[in-house]
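Using numbering that gives the first Met the number 0, read the sequence shown as starting at 0 and increasing by one per residue.
Idealized CB from N, CA, C, for every residue including glycine.
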Amino acid sequence: MEKSSTDNKFLGTEKVGKLLRMFAIPCVLSLIIQALYNIVDQVFISHSGYLPLGNNATGVVYPLTVIALALGLFIGDGAAAMISINQGKNKTQNTHKTIGTGITIGFIVSLVLMAICFGFATPILKYFGAEGKVSCLKEALEYSTFIFIGFPAFILACIINPVIRADGSPKYAMFAMAIGAIVNIILDPIFIFVAKMGMNGAAIATFIGQVVSLIFHLIYLFKAKNFKLKLKSFIPNFKLLFESLKLGISSFLTQISIVIITIVNNRLLVKYFLEAEKAIGIFTVAFKIFGIVISIVIGIACGGQPIIGYNYGAKKYDRVKTTFKWILLYTAIVGIVATILFEAFPQLFLKAFDFTQATCNPAELTLGLNVFRIYMGFILLTCFIKVISIFFQAIGMPVRAMLIALLRDVVFVVPLAYLLPLAGADLFYWSAPISDILTFAIAVVLTILVFKKFAKDVPLKSANIAKILQSKKGVIITISRQHGAGGREIGQKLAKKLDVPFYDKELTALAAQESGLAEEYIEKIEEKSSILYDLYLSTEANQTAIKAQEHVLKEIAEKGSCVIVGRAADYVLKDYNPFKVFIYAPNEFKQKRIMTNYGDSENLAKLNMENADKRRAKFYENITGQTWGDAKNYNLSIDSSVGIEKTVQQIYLAVQKDNKKTKNQP
Numbered sequence: 000m001e002k003s004s005t006d007n008k009f010l011g012t013e014k015v016g017k018l019l020r021m022f023a024i025p026c027v028l029s030l031i032i033q034a035l036y037n038i039v040d041q042v043f044i045s046h047s048g049y050l051p052l053g054n055n056a057t058g059v060v061y062p063l064t065v066i067a068l069a070l071g072l073f074i075g076d077g078a079a080a081m082i083s084i085n086q087g088k089n090k091t092q093n094t095h096k097t098i099g100t101g102i103t104i105g106f107i108v109s110l111v112l113m114a115i116c117f118g119f120a121t122p123i124l125k126y127f128g129a130e131g132k133v134s135c136l137k138e139a140l141e142y143s144t145f146i147f148i149g150f151p152a153f154i155l156a157c158i159i160n161p162v163i164r165a166d167g168s169p170k171y172a173m174f175a176m177a178i179g180a181i182v183n184i185i186l187d188p189i190f191i192f193v194a195k196m197g198m199n200g201a202a203i204a205t206f207i208g209q210v211v212s213l214i215f216h217l218i219y220l221f222k223a224k225n226f227k228l229k230l231k232s233f234i235p236n237f238k239l240l241f242e243s244l245k246l247g248i249s250s251f252l253t254q255i256s257i258v259i260i261t262i263v264n265n266r267l268l269v270k271y272f273l274e275a276e277k278a279i280g281i282f283t284v285a286f287k288i289f290g291i292v293i294s295i296v297i298g299i300a301c302g303g304q305p306i307i308g309y310n311y312g313a314k315k316y317d318r319v320k321t322t323f324k325w326i327l328l329y330t331a332i333v334g335i336v337a338t339i340l341f342e343a344f345p346q347l348f349l350k351a352f353d354f355t356q357a358t359c360n361p362a363e364l365t366l367g368l369n370v371f372r373i374y375m376g377f378i379l380l381t382c383f384i385k386v387i388s389i390f391f392q393a394i395g396m397p398v399r400a401m402l403i404a405l406l407r408d409v410v411f412v413v414p415l416a417y418l419l420p421l422a423g424a425d426l427f428y429w430s431a432p433i434s435d436i437l438t439f440a441i442a443v444v445l446t447i448l449v450f451k452k453f454a455k456d457v458p459l460k461s462a463n464i465a466k467i468l469q470s471k472k473g474v475i476i477t478i479s480r481q482h483g484a485g486g487r488e489i490g491q492k493l494a495k496k497l498d499v500p501f502y503d504k505e506l507t508a509l510a511a512q513e514s515g516l517a518e519e520y521i522e523k524i525e526e527k528s529s530i531l532y533d534l535y536l537s538t539e540a541n542q543t544a545i546k547a548q549e550h551v552l553k554e555i556a557e558k559g560s561c562v563i564v565g566r567a568a569d570y571v572l573k574d575y576n577p578f579k580v581f582i583y584a585p586n587e588f589k590q591k592r593i594m595t596n597y598g599d600s601e602n603l604a605k606l607n608m609e610n611a612d613k614r615r616a617k618f619y620e621n622i623t624g625q626t627w628g629d630a631k632n633y634n635l636s637i638d639s640s641v642g643i644e645k646t647v648q649q650i651y652l653a654v655q656k657d658n659k660k661t662k663n664q665p
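Below, the structure is given as C-alpha cells:
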C-alpha cells in the first residue's frame, strides 16, 4: 500500500515565524531576480551619456515585454498549478503532455506576438508614448528589434520556470533565471560603453541573456524528477491547455494590469508634461523600482500562502491570524523603509539613473520628485493591498483576491489618471494614492468580515467514529448520485444487505484525521460553489484534503468489500476494479424527497437540487477528467424513482451477476 502523501501537518504545528522564513526567502529571492532583470538595461543606458532618450525608449517598449511575460505566465503558471494538483492526486500520466502542449503553444504564441510587433512596430510604439514634443521613436525602434527577436526565448523560459518549481526544484528555477540576468549585466556595459552599440547593444545583451537562460531551462527538461518529455508530448492537447489556462488567468491579469497602467501613464505624461522631455524614462525607472519593493512583499505573502491555507483548512484560526500578522509586520517594515526612502531621498534613485541637474531640466527633476513623493507616496498601502489579495487566495476566496487586485490597478487608477489632470496636470500624481486609499479601505472591510467569521466558526468535534473497518473479501461498490435521488439511503441499505461496511460522512472524519484539517472544511470541498472553482480547488489546503480523501479511500479498499458514496471513489479506486453505480431520478421525484427530508420549499428544493448537482459534476470532472453521470463511466446507471427498496435489490442483483461473471472468466 502506498505511503500517505498528505504529510503537511508540520504546517499546523511548527513555529509560524520559522515556517514563514523557510517558505518566503526563496520566493522573495526569485521575484527580486525577475524584477532586477527588467531594470538592468535602464542602469547602463542612463549612464551612457550619448543616449539621452534611452530610458524613454525602454519605457515605451516595456509594455510589450510585460505582455510577453503575461502570456508566458498565463501558460506556465497554469501548467505548473495543474501539474501540482495532478501530482497530489497521483494522476501524473498527462504531465508530459501538459508541459509539451504549453511549450508548443507558447512558441507559436511568441512567433505571433513577434510578427505583430514587427509588422506594426511604429504605430504601436507611437501609441505607447514614443511621439510627443520630443520623439524617442528612433531609439525605441532600435531597442525593440532584438527585444522582439527575443520573445520566443523569453516566453518559453517564463513557461518552463514555474514548471521547474512545480517539479520540486525551486533553487534550479531561480538559478536558471538568475544566470540570464547575470549575463545581461556583464554584456550591457561591454556593448553600450566599449562597443558603442547604443540601444541596439542594450537589447542584444538582453537577448543573449534570455537565450542563455532558456538553454538552462531546456537542460532541466532532460533531467526532470517527475516527468519525461517525448516527441508526442509536444503535439498540442487543447483540453489540457484549456484546463491549465484557467489556473493561469490570475497571473495573466496581474501582468496585463501593469501593461494598462504603463500605457495610460505614458500617454498622459506625453500629453500633460510637455516640458519634461524625459518624463516617460523617469516614470519607467521609478515604476520598476516600485516593482522591486512590491516583489519583496509578494514574495513574503506567497511564502505564507501554504501556512495560511493549511491552518485555515484545519480551522486553526489563531495560527492563520498569527501568520497573517507576521506577514503584515514584515510587509510594514518593507513598506515603511520604502516610504522613508521615497519621501526623504528620492534624489538618490534619480541620481542612480543619471537624472541630475546636469542632465535634466527643472521640469524633469520636479516630475521625478513628485513621482516618488506623491505618486508612490502610499506604497505602504499598496503593499498591504497585495498581501490581502494573496491572503484571500490562500483561504480559497479567489474572487475577492482578484477583485482587490483589479480594484487598485485598473478600476481606480486608470479612470483617476484620466480624470484628475482635467482639473490640473499635477493632480495626475494623486491617481495612485487615491486608488491606494480606496482599495485599502475596501480590502480592510473584507478582511474584517472574514476574521469575524473566524470568531463565529468554531470547529465541531466529530460525531463520526473515524475508524476503517475490517471487511470480508469481495467487491467494492461506489455510488455516485444526483441530489435527492436517495443515494445515501440506498447505499446504507445495500451495505446492510451485503453485510459490509458503509462509508459516506465517515470518509470526512477519516480524511480529517489523516490530514489534520477540520472535518467541516473537508466536507464542503465537494459541495463548494465558486465562480473561480478551479482556482479554489488549487489552494494548498484543498489539495491536502483531496489527497487525504484519496489515501483514506485506498486504505478502505485494502480492508475488503464495502459500499462508498461520492468523493469520486469510482475513479480513485479504479485499480481495485470497483462496481460503479450512478443513481438518478426524475426532477419531480427528487424535489419531493428534498422537500420531505430537508424541509425546503418547492422553489428552494429545485434550486438546491440544480446547484448541488452542478457542484458535484464540477468536482468529479476536476478529479477524474471525465463527465459526471455519463453512463459509460459506470457499471450500472439506475433510476431510483422505482422505489428505494427496489433500487437496492436491483443493484444487489447486478453486483451478484457481475461477481459470477468475473469468477467464470479464465
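Nearest CA to the CA of residue i: which residue from the options?
i, options, result
"aspartate 76", "Glu13, Asp569, Asp166, Cys116", "Asp166"
"asparagine 37", "Thr91, Ala79, Phe153, Ile189", "Phe153"
"leucine 124", "Thr381, Pro62, Leu380", "Pro62"
"isoleucine 115", "Phe150, Glu587, Ala544", "Phe150"
"isoleucine 478", "Ser470, Pro577, Ala440", "Pro577"
"aspartate 498", "Lys471, Ile489, Val111, Phe237", "Lys471"
"phenylalanine 383", "Tyr417, Glu363, Ile436", "Ile436"
"isoleucine 291", "Cys26, Thr438, Glu644, Ile582", "Cys26"
"methionine 608", "Ala584, Thr626, Lys631", "Ala584"
Sorted by chain position, which residues of the same chain lie with C-beta nearer than 7 Å to residue i's C-beta, five sequence neighbours on each side aside?
i, result
"tyrosine 575", "Ile475, Ala556"
"glutamate 130", "Leu136"
"serine 528", "Reliability of the predicted coordinates at serine 528 is poor, the pLDDT of 48 falling under 50, and no value is obtained from them."
"valine 386", "Val296, Ala300, Ile326, Leu327, Thr330"
"isoleucine 530", "Any reading at isoleucine 530 must be qualified, since the residue scores a pLDDT of 47, below 50, and its modelled position is unreliable; no value is offered."
"glycine 99", "Leu228, Ser232, Phe233"
"threonine 57", "Asp40, Gln41, Ile44, Tyr142, Thr283"
"serine 388", "Ala400, Ile403, Ala404"
"cysteine 157", "Leu68, Gly71, Leu72, Gly75"
Would you call the CB atoms of residue i and residue j closer than 8 Å?
i, j, result
"alanine 404", "threonine 253", "yes"
"alanine 484", "serine 639", "yes"
"isoleucine 279", "alanine 202", "no"
"phenylalanine 233", "threonine 103", "yes"
"alanine 180", "phenylalanine 215", "no"
"alanine 23", "glycine 303", "yes"
"methionine 401", "serine 243", "no"
"glutamate 141", "asparagine 199", "yes"
"phenylalanine 354", "glycine 367", "yes"
"alanine 34", "serine 256", "no"
"aspartate 612", "glutamine 481", "yes"
"isoleucine 467", "glutamate 554", "yes"
Whose C-beta lies closer than 8 Å to the C-beta of residue i among residues of the same chain, with five residues either side of it excluded?
i, result
"isoleucine 207", "Val182, Asn183, Leu186"
"asparagine 160", "Gly75, Ala172, Ala175, Met176, His216"
"serine 47", "Gly53, Ile191, Phe192, Gly197"
"arginine 266", "Tyr126, Phe127, Gly128"
I'd like the list of long-range same chain contacts for residue i, defined as Cβ closer than 6 Å, with 5 residues on each side in sequence excluded.
i, result
"tyrosine 374", "Tyr428, Ala431"
"threonine 623", "Ala567, Tyr570"
"glycine 376", "Pro432"
"serine 109", "Phe150, Pro151, Ile154"
"leucine 606", "none"
Exposed or buried, which one is residue i when buried takes at least 16 other CB atoms within 10 Å?
i, result
"tyrosine 535", "Confidence at tyrosine 535 is low in this model, with a pLDDT of 49, below 50, so its placement is unreliable and no value can be given for it."
"alanine 343", "exposed"
"proline 345", "buried"
"glutamine 548", "buried"
"valine 193", "exposed"
"glutamate 505", "buried"
"leucine 18", "buried"
"leucine 493", "buried"
"leucine 50", "buried"
"threonine 121", "exposed"
"methionine 81", "buried"
Run the proximity test for residue i: is its beta-carbon closer than 7 Å to any non-hydrogen atom belonging to the ligand MN?
i, result
"tyrosine 633", "Absent from the structure shown: the ligand MN. Ligands present: none."
Next item on the list: For the segment 552 to 622, list the alpha helix (DSSP H) runs that are entirely contained and at least 4 residues long, ordered along the chain.
Entry: Taking only runs of at least 4 residues, the alpha helix (DSSP H) segments lying wholly in the segment 552 to 622 are 568 to 571, 586 to 597.
Note to self: Which complete beta strand (DSSP E) runs does the segment 250 to 283 hold, if anything under 3 residues is left out?
What the structure shows: Within the segment 250 to 283, no complete beta strand (DSSP E) segment of 3 residues or longer occurs.
Check: Residue ranges of each alpha helix (DSSP H) run of no fewer than 4 residues wholly in the segment 398 to 423, ordered along the chain?
Finding: Complete alpha helix (DSSP H) runs here, min 4: 412 to 418.
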